[in-house]
Amino acid sequence: MTWSALLYLMRTSVWNRFSSRVRRAREPRYLLALVAGGAYMWFFLFRNIGTAADTGHGPGGPFLSAAGRLIVIALLVLGALSAWVFGEDKTALAFSAPELSLLFPAPLSRRDLIGYKLLRSQIAILFNVVIWVALLRRGGTELPPLLRAFGIWVLFTTTHLHRLCAALVRASLGEHGRGAWKRHWISLVVFGVVVAGTAVAVMTGIRSVGGVHDAHSLVTAATNALHSGVGAVVLWPFLAVTGPLYAHTTAAAFAALPWALLVIAIHIVWVLTADTAFEDAAVAASAARAARLATFKKGRLSTRQAKPVKVKGSGAMLSPVGHPAVAVFWKNLLCLRRTASLRTLIFPLLSIAGMSALIAADAGGVARAIASGCAICAAMFIIFGPLIARNDLRQDMLHLVALKTLPLRGATIVAAEVASSALPVALIQWVLLVAAGVALSFNPLPHFGANAISVVVLIALPTLLVFNILLGLIRNGAPILFPTWIKLGAVVGGGIESLGQNLVSMGFILVLLALMLVLPVAVAGGAAFVLKAAPVAGLAVGLLGGTAVLGAEVVGAVELLGKALEKTEPSQVPG
Amino acid sequence: MIVVDALTKLYGDVTAVRSLSFEVAPGEVLGLVGPNGAGKTTTLRCLSGIIRPTSGSVVIAGHDVVQDGVAAKRELAFIPDEPHLFDYLTVEEHLRFIARLYGVADAPARIPALLAELELSEKMRTLPAELSRGMKQKLAIACGLLHDPRVLILDEPLTGLDPGGMRRMKNTIAERAKAGSAVILSSHLLNLVEELCTKLLVVSRGSCVAYGTLPAIIEARPELAGRSLEEVFLTLTGNGSGE
Chain A
1 MTWSALLYLM RTSVWNRFSS RVRRAREPRY LLALVAGGAY MWFFLFRNIG TAADTGHGPG
61 GPFLSAAGRL IVIALLVLGA LSAWVFGEDK TALAFSAPEL SLLFPAPLSR RDLIGYKLLR
121 SQIAILFNVV IWVALLRRGG TELPPLLRAF GIWVLFTTTH LHRLCAALVR ASLGEHGRGA
181 WKRHWISLVV FGVVVAGTAV AVMTGIRSVG GVHDAHSLVT AATNALHSGV GAVVLWPFLA
241 VTGPLYAHTT AAAFAALPWA LLVIAIHIVW VLTADTAFED AAVAASAARA ARLATFKKGR
301 LSTRQAKPVK VKGSGAMLSP VGHPAVAVFW KNLLCLRRTA SLRTLIFPLL SIAGMSALIA
361 ADAGGVARAI ASGCAICAAM FIIFGPLIAR NDLRQDMLHL VALKTLPLRG ATIVAAEVAS
421 SALPVALIQW VLLVAAGVAL SFNPLPHFGA NAISVVVLIA LPTLLVFNIL LGLIRNGAPI
481 LFPTWIKLGA VVGGGIESLG QNLVSMGFIL VLLALMLVLP VAVAGGAAFV LKAAPVAGLA
541 VGLLGGTAVL GAEVVGAVEL LGKALEKTEP SQVPG
Chain B
576 MIVVDALTKL YGDVTAVRSL SFEVAPGEVL GLVGPNGAGK TTTLRCLSGI IRPTSGSVVI
636 AGHDVVQDGV AAKRELAFIP DEPHLFDYLT VEEHLRFIAR LYGVADAPAR IPALLAELEL
696 SEKMRTLPAE LSRGMKQKLA IACGLLHDPR VLILDEPLTG LDPGGMRRMK NTIAERAKAG
756 SAVILSSHLL NLVEELCTKL LVVSRGSCVA YGTLPAIIEA RPELAGRSLE EVFLTLTGNG
816 SGE
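Order-wise, the sequence lines are chains A and B.
Residue 180 in our numbering sits at position 180 of the first sequence, with consecutive numbering throughout.
When you read off a place in the second sequence, starting at 1, and then add 575, the result is the number in our numbering.
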């Protein structure tokens, strides 16, 4: 009875999810997203499945296969250690909110709940298997796609089961302390033996590869070490579960299958007989997962669980009198201050250092290297800036009800919202350009002297500001004009449709940006051409003219989007 | 103060609100009641300028909500059933934000008093995520009351409040009405409606089924005489015999 209800839940959930996607695909926006996502997946992942390009060893195939297996085993060992020692995988016991509220109070045993969780996890595992079969098509294996899929399934399923086992034992230890040690002594002893044995195997392996100098010999020596002595014993489960995937022939894969299935069976028995009081840990894990999902839905770059936001001082006090739009700007700057992470700047900053070093190695000298690095970094902020500074309508459209009660015109709200994210990005880019200009002044380019540098640095600030506002308007305009087309939160869930929606959004942004830049670029180019006899003046007039035209487009776009915002209704905004 | 004439709202082929007309004068408290899906929240959202009526007009303190939305919104406060707060503003910053939007010059003096009244003083520097549901509701109420609105629109205002908070909220609504504000109160708590409202608007399936003071409604439907408000409500909305 119990299991029939749980199976009914899973079966109907999967079917309803699938049928709702199919029904939704009758609407053009979802159909387009589905087609775009499907085309992308087909072109980049599945096009060559089963074809001659899909199978067979490429150059160095066996070597890559052996090296890949070593890496996978190392990752599995490290993952298992992490799960046992640090309890890193806090969401292994997570259930969804409806499952917590409906299944936990229901007359189900812990074994039923864990069994349900195991079975349900197979849906995600099977989806991942399909993706990885395609991704690993050039992994140096001759196995047909179906066997490869089975090998990956074995790997994922065992990993999932092991994470669950570790989480259950840790939950029990946390709940009962010493009392739990008696119950789980076998698990703990096995864990201790594996850790000690792995350490011995690693030491032996290091000694055996000590005199090896080339990569092929290193992989061969490490593989031999893995298959002999202590390593072969304590790491047998890892060898067993990687066996089917890394078998060189179909016959070898079939021979490896029983051992892999034995490891899975042992894990299933282990999980189902644990009978651990995991409820508290499950509630905590579910809350952690819900927080991660909430972070993701808010459009952050990472799905890591958000740390509690520290309330830093509000900086400039907001006077209660003055233009009300400043309040929206102030609110969004506070949001940026509390959400932007320096970590997100590491990549651009490392890039600038790398680019500078590369160019410095050339004949340009240090000054030009720094100038190039700063200019490149400023350009990179066109891409990274809007990802870091999301303190605009991309966040506030989810609060549309609150936004629409504000005593402000739609255009005023749009202008304040977009300026909130555009101004910080423009300022950073301008500071980088000033730094580039200063550096370049020490070693000017042949046709780009001190006057030209001064002109660019001076006019860059308004140009950058207007350009970033334009970019912001396009990014913010999409959710206003096409609220159901653009991903603000958990719009269409994951999968192909979501991927397609992102592709459609990106295409929309690029096309619109290109169209809106046509006239300003033409004006700037025309001015520079007319004044080619005085290049610096041409540069100045061109930049100012282009910026002015861009500014006019921005004003028009703000009014247009403002009117659209006034007409947008909360029911149109998903999330 | 609030004049609604033939308000209609369509969602595609679905009529959410059908030709509603009513008025709320200064000092009056109108109770908007009806079963789930009757169109109460849609009506309140039209009145607050959040959504546009398909037809008809809404005038708030002399300003048409569609034609002169900004001026109308300056005069009103809408407190929704689900508090919509900005994730990264503290309690105090929410009030500073609202003060600037509505130009509340004496906000620095009013904010501490308002926070103390709503027992939020200790949470001044707390973000919404760390507040309980009731505290979030109190903050939404504080944001609504800070600029001393002439029109107060409340959608299930007692949701999440503790008994003390409910008592204070009821007193606040009564005091605001006494001070000359026009109040519209939507709630399923019929005892609250009976206690505070000077007249009723009963809606069902988007249409008005009764409007006026309770005695006037009963006078128009003599068979309702002597029944409780709950029985009157169920009979009017066709959800029960009222027996």
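Backbone N, C-alpha and C define an ideal beta-carbon position, used for all residues, glycine too.
Q. When you compare each of B/Gly609, B/Met576, B/Gly735, B/Asp662 to B/Ala591 by their alpha carbons, which one comes out closest?
A. Ranking the options by Cα distance to B/Ala591, first place goes to B/Gly609.
Q: Please state whether DSSP places B/Tyr586 in a helix, a strand or coil.
A: Of the three classes helix, strand and coil, the one that applies to B/Tyr586 here is strand, per DSSP.
Q. At a Cβ cut of 7 Å, what residues of the stretch 625–639 of chain B count as close to chain A, listed as they run along the chain?
A. From the stretch 625–639 of chain B, only Ile625, Ile626, Arg627 have a Cβ closer than 7 Å to chain A.
Q. By a C-beta neighbour count over all protein chains shown, 10 Å radius and 16 as the cutoff for buried, is B/Asp723 buried or exposed?
A. With fewer than 16 Cβ atoms within 10 Å of its Cβ, B/Asp723 is classed as exposed.
**Q.** Own chain residues within Cβ distance below 7 Å of A/Val241, not counting five before or after
**A.** These residues qualify, in order along the chain: Val154, Leu155, Thr158, Ala260, Val263.
Q. Looking only at DSSP bridge pairs, what is B/Phe597 linked to?
A. According to the DSSP secondary-structure assignment, B/Phe597 is paired through a beta bridge with B/Val579.
Q: Using a Cβ cut-off of 8 Å (strictly closer), state whether B/Gly678 contacts chain A.
A: Interface residue, yes.
Q: State the beta-bridge partners of B/Asp639 as determined by DSSP.
A: B/Val634.
Q. So is A/Val321 in contact with chain B if we call contact Cβ pairs under 8 Å?
A. A/Val321 counts as touching chain B.
Q) Listed from N- to C-terminal order along the chain, which residues in the stretch 409–423 of chain A have their beta-carbon within a distance smaller than 7 Å of any beta-carbon of chain B? A) If you check each beta-carbon in the stretch 409–423 of chain A against every beta-carbon of chain B, the ones closer than 7 Å belong to Arg409.
Q) Tell me which same chain residues have a C-beta within less than 6 Å of the C-beta of A/Leu76, skipping the five on either side of it? A) Around A/Leu76: Phe238.
Q) Just curious, the alpha helix (DSSP H) that A/Ser421 is in, first and last residue? A) A/Ser421 -> alpha helix (DSSP H) spans 410–442.
Q: Compute the distance between the beta-carbons of A/Leu70 and A/Val219, then report whether it is under 8 Å.
A: Against a cut-off of 8 Å, the Cβ pair of A/Val219 and A/Leu70 comes out as a contact.
**Q.** Residue interval of the alpha helix (DSSP H) (run including A/Phe467)
**A.** Boundaries of the alpha helix (DSSP H) around A/Phe467: 450–481.
Q: Note down the Cα distance separating A/Ala325 from B/Val640, rounded to an integer number of angstroms.
A: In a straight line, the C-alpha of A/Ala325 is about 20 Å away from that of B/Val640.
Q) Checking contacts by CB at 8 Å: is B/Glu731 closer than that to chain A? A) So no, B/Glu731 is outside the interface.
Q) Does A/Lys117 have its Cβ less than 8 Å from a Cβ in chain B? A) Interface criterion not met: the Cβ of A/Lys117 is under 8 Å from no Cβ in chain B.
Q: On a CA-only basis, which of A/Phe329, A/Pro444, A/Ile152 is nearest A/Ala367? Give me that one, please.
A: Ranked by Cα distance from A/Ala367, the first of A/Phe329, A/Pro444, A/Ile152 is A/Pro444.
Q. With 8 Å set as the bound, which would you pick, yes or no: does the beta-carbon of B/Lys713 sit closer than that to a beta-carbon of chain A?
A. Judged by the 8 Å Cβ criterion, B/Lys713 is not in contact with chain A.
Q) Given that A/Ala290 touches chain B, what residues does it touch there, using C-beta distances under 7 Å? A) Per Cβ cutoff of 7 Å: no residues; A/Ala290 is ~12 Å from chain B at best.
Q | B/Pro790: contacting residues in chain A (beta-carbon distance under 7 Å) | A | Correct list: empty, because the minimum Cβ distance to chain A is about 34 Å.
Q | Buried or exposed (CB count within 10 angstroms, at least 16 for buried), A/Thr412 | A | Answer is buried; the Cβ neighbour count reaches 16.
Q.
Is the beta carbon of B/Leu605 closer than 8 Å to that of B/Lys774?
A. Yes; because the gap between Cβ atoms is below 8 Å, this pair is in contact.
Q. Taking one C-beta from the stretch 691–701 of chain B and one from the stretch 616–626 of chain B each time, how about it: are there three or more such pairs within less than 8 Å?
A. No, they do not touch.
Q.
Given this structure, state the Cα-to-Cα distance separating B/Arg802 from B/Ile792, to the nearest angstrom.
A. The straight-line gap from Cα to Cα measures roughly 12 Å.
**Q.** Candidates A/Ile206, A/His216, A/Phe104, of which the one nearest A/Ala282 by Cα
**A.** Ranking the options by Cα distance to A/Ala282, first place goes to A/Phe104.
Q. What are the boundary residues of the beta strand (DSSP E) that B/Ser782 is part of?
A. That run of the beta strand (DSSP E) goes 782–787.
Q) Is it right to say A/Ser571 is buried, meaning 16 or more other beta carbons lie within 10 angstroms of its own, or is it exposed? A) Exposure of A/Ser571 is indicated by the presence of fewer than 16 other C-beta atoms within 10 angstroms of its C-beta.
Q.
Tell me the rounded alpha-carbon separation between B/Tyr663 and B/Gly612.
A. Computed Cα separation, rounded: 33 Å.
Q: Please state if the CB of A/Leu423 and the CB of A/Val554 are separated by a distance shorter than 8 Å.
A: Not in contact: A/Val554 and A/Leu423 (Cβ atoms no closer than 8 Å).
**Q.** Three-state secondary structure assigned by DSSP to A/Ala265
**A.** Under the three-state reduction of DSSP output, A/Ala265 falls in the helix class.
Q) Buried or exposed: where does A/Val492 fall if 16 or more other Cβ atoms within 10 Å of its Cβ makes it buried? A) Unreliable placement is indicated for A/Val492, whose pLDDT of 43 sits below 50; the coordinate value is still reported in the next sentence. A residue is called buried once 16 or more other Cβ atoms fall within 10 Å of its Cβ, and A/Val492 is buried on that count.
Q: Kindly say whether B/Arg671, judged by its beta-carbon, lies nearer than 8 Å to any beta-carbon of chain A.
A: Answer yes: the Cβ-Cβ gap between B/Arg671 and chain A drops below 8 Å somewhere.
Q.
Checking the sheet assignment: what are the DSSP bridge partners for B/Asp681?
A. Paired residues: none, contrary to the question.
**Q.** Residue nearest to A/Ala80 in terms of C-alpha spacing, selected from A/Thr249, A/Ala524, A/Ala167
**A.** Nearest in C-alpha terms to A/Ala80, of all of A/Thr249, A/Ala524, A/Ala167, is A/Ala167.
(Q) Suppose you measure from the CA of A/Leu226 to the CA of A/Trp132; what does that come to, to the nearest Å? (A) A straight line joining the alpha-carbon of A/Leu226 with that of A/Trp132 spans about 25 Å.
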